[in-house]
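**Q** Below is one structure. I have some questions about it.
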Amino acid sequence: MKLDKNEIKAMAGAKAVDVLVVSGMKIGLGTGSTAIHAVRRIGVLIQAGTLTNIFAVPTSFQTLMACEEWGIPLYSLNSKEIGGTLDLTIDGADQVDTDNYCVKGGGGALLLEKIVAYASVSYAIVVDETKTVDNLALSFPVPLEVVPAARLSVIRAAERMGAEARLREAVRKAGPVITEHGNLLLDITFKAPVEPEQLEREFNQIPGVVENGFFTRLPPHVFIGHADGTLEVRKPR
Ligand code: 5RP
Numbered sequence: 008m009k010l011d012k013n014e015i016k017a018m019a020g021a022k023a024v025d026v027l028v029v030s031g032m033k034i035g036l037g038t039g040s041t042a043i044h045a046v047r048r049i050g051v052l053i054q055a056g057t058l059t060n061i062f063a064v065p066t067s068f069q070t071l072m073a074c075e076e077w078g079i080p081l082y083s084l085n086s087k088e089i090g091g092t093l094d095l096t097i098d099g100a101d102q103v104d105t106d107n108y109c110v111k112g113g114g115g116a117l118l119l120e121k122i123v124a125y126a127s128v129s130y131a132i133v134v135d136e137t138k139t140v141d142n143l144a145l146s147f148p149v150p151l152e153v154v155p156a157a158r159l160s161v162i163r164a165a166e167r168m169g170a171e172a173r174l175r176e177a178v179r180k181a182g183p184v185i186t187e188h189g190n191l192l193l194d195i196t197f198k199a200p201v202e203p204e205q206l207e208r209e210f211n212q213i214p215g216v217v218e219n220g221f222f223t224r225l226p227p228h229v230f231i232g233h234a235d236g237t238l239e240v241r242k243p244r
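In the numbering used here, the protein residues as written are 8 to 244.
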């Protein structure tokens, strides 16, 4: 059996829901082409009557619209019913290392993804096998969400840390990507292995950085789909 990329993502996303989601949960829902399969699975289970009393907090317009389409009850983190804490968040990732630290933000939703993840008691990452790496931020950039006025000062600060920083350009719109929070994205790559835990703290100390795409503080369950149809599950550690 050889699954294509979308089938692998669907397997990982659906499995995380089947293993971790129960009725009555307050759930953060991530963004991207893998997380969307977890969202879809929740929608299917709600429509089948298998899951009831689900309170979902989306992390982007993409996820919000999917919840609307699939009948998943929507709330914000600030809703009275949610009260600023979630039972579980399920999300995708751009890279996962051997410590289960992640780089996220390839889809530009890292700010809300991190707010929602870190407000959760437990966390699950769903990926296909191509996302696992030994070292983060070498072959795929870690994004910084930056207020527009600080674009160049943050680029210079990142360069002083030994990184290369590029402004993320939009596709089918002239100029840069503007995030759902009105900010810019700088994509940061390193030439040598880095310490993600330390950099997650350090990047946020640069004035003008709103958030960065290293996710190291909440140990996730990691569901890794393989092309041969097998699924590897790493427990939080
Ligand atoms: C969006 C994200 C996504 O979860 C990440 O980019 C992975 O996306 P995909 O599953 O489409 O590869 O962090 O900001």
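A virtual CB, placed ideally from N, CA and C, is assigned to each residue, including glycine.
Who are the near neighbours of T66 in its chain, counting only those whose CB is closer than 6 Å to its CB and skipping five residues on each side?
**A** Here the question's residue 66 lines up with position 59 in the sequence shown. Closer than 6 Å at the Cβ level, and outside the excluded window around T66, lie G37, T38, A116, L119, E120, V123.
**Q** Between the alpha carbons of M18 and D135, how many angstroms are there, rounded?
**A** In the sequence shown, residue 18 corresponds to position 11, counting from 1. In the sequence shown, residue 135 corresponds to position 128, counting from 1. Going by the C-alpha atoms only, they are around 9 Å apart.
**Q** Nearest to A156 by alpha carbon, out of W77, N107, G189, Y130?
**A** By 1-based counting over the sequence shown, the position of residue 156 is 149. Checking every option, the nearest Cα to that of A156 belongs to G189.
**Q** Would you grab the beta carbon distance between V154 and V217 for me? Rounded to a whole angstrom, and I think it's under 8 Å.
**A** Your numbering for residue 154 matches position 147 in the sequence shown. Your numbering for residue 217 matches position 210 in the sequence shown. Confirmed, about 6 Å.
**Q** Which of helix, strand or coil does DSSP assign to E209?
**A** The residue labelled residue 209 in the question sits at position 202 within the sequence shown. Shown here, E209 sits in a helix according to DSSP, grouped into three states.
**Q** In terms of residue numbering, what span does the beta strand (DSSP E) encompassing V133 cover?
**A** Locating residue 133 in the sequence shown gives position 126, counting from the first residue. It spans 127–135 - the beta strand (DSSP E) in which V133 sits, taken as one unbroken run.
**Q** For M8 and I15, what's the separation of their Cα atoms in angstroms?
**A** Taking the first residue of the sequence shown as position 1, residue 8 is located at position 1. Taking the first residue of the sequence shown as position 1, residue 15 is located at position 8. Answer to the nearest angstrom: the Cα atoms are 11 Å apart.
**Q** Since V149 and G220 are thought to touch, with beta carbons under 8 Å apart, how far apart are those beta carbons, to the nearest angstrom?
**A** Locating residue 149 in the sequence shown gives position 142, where the first residue counts as 1. Locating residue 220 in the sequence shown gives position 213, where the first residue counts as 1. Sure, about 5 Å apart at Cβ, within 8 Å.
**Q** Per the contact definition of three or more C-beta pairs closer than 8 Å, is the stretch 102–111 in contact with the stretch 73–84?
**A** no
**Q** Smallest Cα separation from F210: which of I185, A170, P243, R241?
**A** Counting from 1 along the sequence shown, the entry for residue 210 is found at position 203. Considering only alpha carbons, the answer is A170.
**Q** Let me check understanding here. Comparing Cα to Cα, which of I185, V24, H44, P200 lies closest to K12?
**A** Reading the sequence shown from its first residue, position 5 is the one you call residue 12. Ranking I185, V24, H44, P200 by Cα distance to K12 puts H44 first.
**Q** Rounding to the nearest angstrom, what Cα-Cα distance links R163 and V133 in this structure?
**A** As a working note, residue 163 is residue 156 in the sequence shown. As a working note, residue 133 is residue 126 in the sequence shown. Straight-line Cα distance between these residues: approximately 34 Å.
**Q** Please report how far the alpha carbon of A131 lies from the alpha carbon of R48, in whole angstroms.
**A** For this step, residue 131 is matched to residue 124 along the sequence shown. For this step, residue 48 is matched to residue 41 along the sequence shown. Approximately 15 Å, taken between the alpha carbons.
**Q** Determine the extent of the beta strand (DSSP E) in which V64 is found, giving its start and end residues.
**A** Position 57 of the sequence shown, counting from 1, holds the residue named residue 64. V64 -> beta strand (DSSP E) spans 62–65.
**Q** Over what stretch of residues does the beta strand (DSSP E) that includes F147 continue unbroken?
**A** Position 140 of the sequence shown, counted from the start, is the residue given in the question as residue 147. No beta strand (DSSP E) holds F147; DSSP gives it neither H nor E.
**Q** The alpha helix (DSSP H) that contains D25, what's its start and end?
**A** Taking the sequence shown and counting its residues from 1, one reaches residue 25 at position 18. Run containing D25: 12–27, per the alpha helix (DSSP H) assignment.
**Q** Taking the alpha helix (DSSP H) that A172 falls in, what are its first and last residues?
**A** As a working note, residue 172 is residue 165 in the sequence shown. For A172, there is no enclosing alpha helix (DSSP H); the residue is found in the beta strand (DSSP E) stretching over 170–174.
**Q** Where are the alpha helix (DSSP H) runs, 4 residues long or more, that stay fully inside the stretch 69–135, in chain order?
**A** 117–125
**Q** Which word fits P203, buried or exposed, when buried means at least 16 other C-beta atoms lie within 10 angstroms of its C-beta?
**A** Counting from 1 along the sequence shown, the entry for residue 203 is found at position 196. By the neighbour-count criterion, in which 16 or more other beta carbons inside 10 Å mark a residue as buried, P203 falls on the buried side.
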